Amino acid sequence: MLARSVKRFAGETPIGRKRRARKMARLLAETHPDAHCELDFSTPLELAVATILSAQCTDKKVNEVTPTVFAKYRSATDYAAADRAELEVILRPTGFFRAKTDSLIKLGQALLERHDGELPGRLEQLVALPGIGRKTANVILGNAFDVPGITVDTHFRRLVNRFGWVDEEDPVKIEFLVADLIEKRDWTMLSHRIIFHGRRVCHARKPACGACTLATMCPSYGTGPTEAAPAAKLLKGPRAKELAVQAGLDPDLVPDAAVMTPEAP
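Position 186 (the sequence shown) corresponds to 186 in UniProt numbering; numbering is contiguous.
This is the structure in structure tokens:
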């Protein structure tokens, strides 16, 4: 099955790939109408902090920790003047808490020194700040400043390679290649939808190929089970049964235990 899928798209032209990518992007919008940034925040600085904390940590765990963080540290000044030991205790549940504490203190100091304590809304300024790489910067731009950005996390990288949109592992190269396929206005939401799809359907070890709305357009179809029952059992998330219906399957094939929010970094 997988070999046939790969062969089917072997001679695809660049324009054909772009058309297919845009059609898949539209289907992803229909499949995941609930896609959004799963980190809780109310200001650009809060999103920057939450995104830094999300490294090697689930969004769920970050959202459990950030209410305490945001209540105590409300501004760049607060982070710059933070007691290191005290902040480390708060951040410990997120993992790598010493490095994250260091990043947040240095971020606060840099914002005071360079931007009057305010988080900038330009990519080149964001990536120059401590703890903020290109991926984090695009999350901030797209979700706090409404500036289109492509967030290449592990799910995004895995899926766009499986989709045959790219044949590349470098995140920056992937960002530019996908940017050439998809209209700029759709970049931010595409990132959310692909990440949702990666957490709920197209899993790393065993994708739910037989329960995927993108099956007919995916050269990797057959990487996971294609039969209805085993594929449906792999669906995850609060809309797992709806995802099965969208793929033309009986929602009763989805175990009740699957209807939960996926916990993935």
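For every residue, glycine included, the Cβ atom is placed at its ideal position computed from N, Cα and C. Computed from a predicted structure; not experimentally measured.
Which value, in whole angstroms, describes the spacing of the CA atoms of residue 250 and residue 27? 20 Å
Of the listed residues 112, 88, 142, 2, nearest to residue 271 (C-alpha basis): Only positions 1 to 265 of the chain appear in this structure, which leaves residue 271 out of reach.
If you compare alpha carbons, which of 12, 18, 31, 177 is closest to residue 215? 31
So, using beta-carbon positions, are residue 17 and residue 165 closer together than 8 Å? yes
Could you check the C-alpha separation between residue 101 and residue 29 for me, to the nearest Å? 37 Å
I believe residue 24 touches residue 222 by the beta-carbon criterion, under 8 Å. Please report the beta-carbon distance rounded to the nearest angstrom. With 8 Å as the limit, residue 24 and residue 222 do not qualify as a contact, their Cβ atoms being about 17 Å apart.
So the candidates are 99, 158, 121, 110; which of them puts its Cα closest to the Cα of residue 77? 110
Spatial neighbours of residue 227 within its chain, please: CB distance less than 6 Å, with the 5 preceding and 5 following residues excluded, ordered by chain position. 210
Can you tell me whether residue 144 is buried or exposed? The criterion is at least 16 other CB atoms within 10 Å of its CB, across all chains shown. buried
Could you tell me which uninterrupted alpha helix (DSSP H) segments, each at least 4 residues in length, are contained entirely in the UniProt domain "HhH-GPD" (53 to 200), listed from first to last along the chain? 59 to 72, 76 to 80, 84 to 91, 97 to 115, 123 to 126, 134 to 144, 154 to 162, 171 to 181, 187 to 200
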